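Presented below is the structure to which this report refers.
There are 2 protein chains.
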Amino acid sequence: MIRDLILKNRSYRRFYQDAIIDRSTLTELVDLARLSPSARNAQPLKYFLSSDSATNALIFPHLSWAGYLTDWDGPEEGERPSAYIIVLNDNTIASNYFCDEGIASQSILLGAVEKGLGGCIVASVKRNELQQALNLPTQYAIVHVIALGKPKEEVVLETIHGNDVKYWRDRDQKHHVPKRSLNEIIVL
Amino acid sequence: MIRDLILKNRSYRRFYQDAIIDRSTLTELVDLARLSPSARNAQPLKYFLSSDSATNALIFPHLSWAGYLTDWDGPEEGERPSAYIIVLNDNTIASNYFCDEGIASQSILLGAVEKGLGGCIVASVKRNELQQALNLPTQYAIVHVIALGKPKEEVVLETIHGNDVKYWRDRDQKHHVPKRSLNEIIVL
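As you go down the protein sequences, you meet chains Z and X in turn.
Sequential numbering of the first sequence, starting at 1, is according to UniProt numbering.
Sequential numbering of the second sequence, starting at 1, is according to UniProt numbering.
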């Protein structure tokens, strides 16, 4: 059931860093994005894959994690992602990718969950620095980064109170995420 | 397998219009969107559901279909969507929904496919006219419209030649969609 996959697909930010993800797994995930809808069928998105510790170490310093956890600087060594898929826009194809990046990233994440993995879309990225660190040609614009790994944290959904959308972590490092109700999001 | 669902999830534009989709089905699909990731967990997206023929008839005239099929004005009476989910941004929550609409719409469409339905994200929408036709308060901005129904057409994927991304329909009304190869979209 797709609902089970969607429920399991929480935004995970701590991982068993030594659980290696091989490149062929990343390729299979990108293939899910490839087969997903694209506005005007333009398919301008491209993908940079990283599954080795050296490249991972080039990427990690340019990401910011979990804006609401102000006393947490992101996962420590040992709990960092073991792979990344960097979503790029190929400017030579189109300047506007509409909502392709959301569609593609959801396909990738659902595929990852099915494989017992998990991840997080990181949109707070020092794009210029990352572009330089990876020697990415200017033809490619970094859209966002999907961090992937074997999740090392539990994430639970909570009822929202008012408009307080801030997630929090409890003493046991369990991550709580308030979600709006169906009633609230269905206008008519 | 998520890959099977993603493969079946083609953009369908002709439907068995009299195959009714009840409101509870649409609600279940929106619940999949609700449980999907949202940037900064802001969850600004809301949903307008239509599954009755009167409301459907208010929506249809404001949509444009299949830009590359220049000799086709969209589905004829009898082949039109039997339901719609209109994705809205609630401006009182946030002005920027990042890639939430792509994530949410992919969840909705994969859920639809699992139920034997199918659909198409329609982004070419006369937004002002649709907003007026539905008496939608200005608090809500129309992001795009997801047309849903029981598909009445076959869609096949094709190898792309060069950069020719235009889909086409053959004499048997089969719809062909060229897709870039994995090799082309993986930069490194």
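We put the CB at the ideal spot given by N, CA and C, even for glycine.
Treat the numbers as computed from the prediction; the structure is a model and nothing was measured.
When DSSP reads this structure, X/Cys120 sits in a beta bridge with X/Ala147. Where X/Asp31 is concerned, the enclosing alpha helix (DSSP H) starts and stops at 23-34. Cβ-Cβ separation between Z/Leu110 and Z/Asn183: approximately 26 Å, too far for a contact (criterion under 8 Å). Distances from the alpha-carbon of X/Tyr16 to those of X/Ala147, X/Leu157, X/His161, X/Arg180 put X/Ala147 closest. Pairing Z/Gly116 with Z/Lys166 gives a Cβ-Cβ distance that is not under 8 Å. With respect to the 8 Å criterion, X/Leu49 and X/Arg23 are classified as neighbours on the basis of their beta carbons. By the neighbour-count criterion, in which 16 or more other beta carbons inside 10 Å mark a residue as buried, X/Pro137 falls on the exposed side. Excluding residues up to 5 positions away in sequence, Ile85, Ile108, Gly111, Ala112 lie with their Cβ nearer than 7 Å to the Cβ of X/Leu29 in the same chain. For the 8 Å CB-CB criterion, X/Ala133 and X/Leu26 do not form a contact.
Nearest C-alpha to Z/Leu88 among Z/Ser11, Z/Glu153, Z/Gly162, Z/Tyr47: Z/Tyr47. Interface residue (Cβ-Cβ distance to chain Z less than 8 Å): X/Gly118 is not classified as such. Contact annotation: in the region 158-187 of chain Z, residues whose CB is within less than 9 Å of a CB in chain X are Ile160, Asn163, Val165, Lys166, Tyr167, Val177, Pro178, Lys179, Arg180, Ser181, Leu182, Glu184, Ile185, Ile186, Val187. Beta-bridge partners of X/Lys46 (DSSP): X/Leu88.
Rounded to the nearest angstrom, the Cβ distance from X/Cys99 to Z/Gly102 is 3 Å, consistent with a contact under 8 Å. Flagged as an interface residue toward chain Z: X/Phe48, by a C-beta distance shorter than 8 Å. The beta carbon of X/Ala123 lies closer than 7 Å to those of His144 in the same chain, with the five residues before and after it left out.
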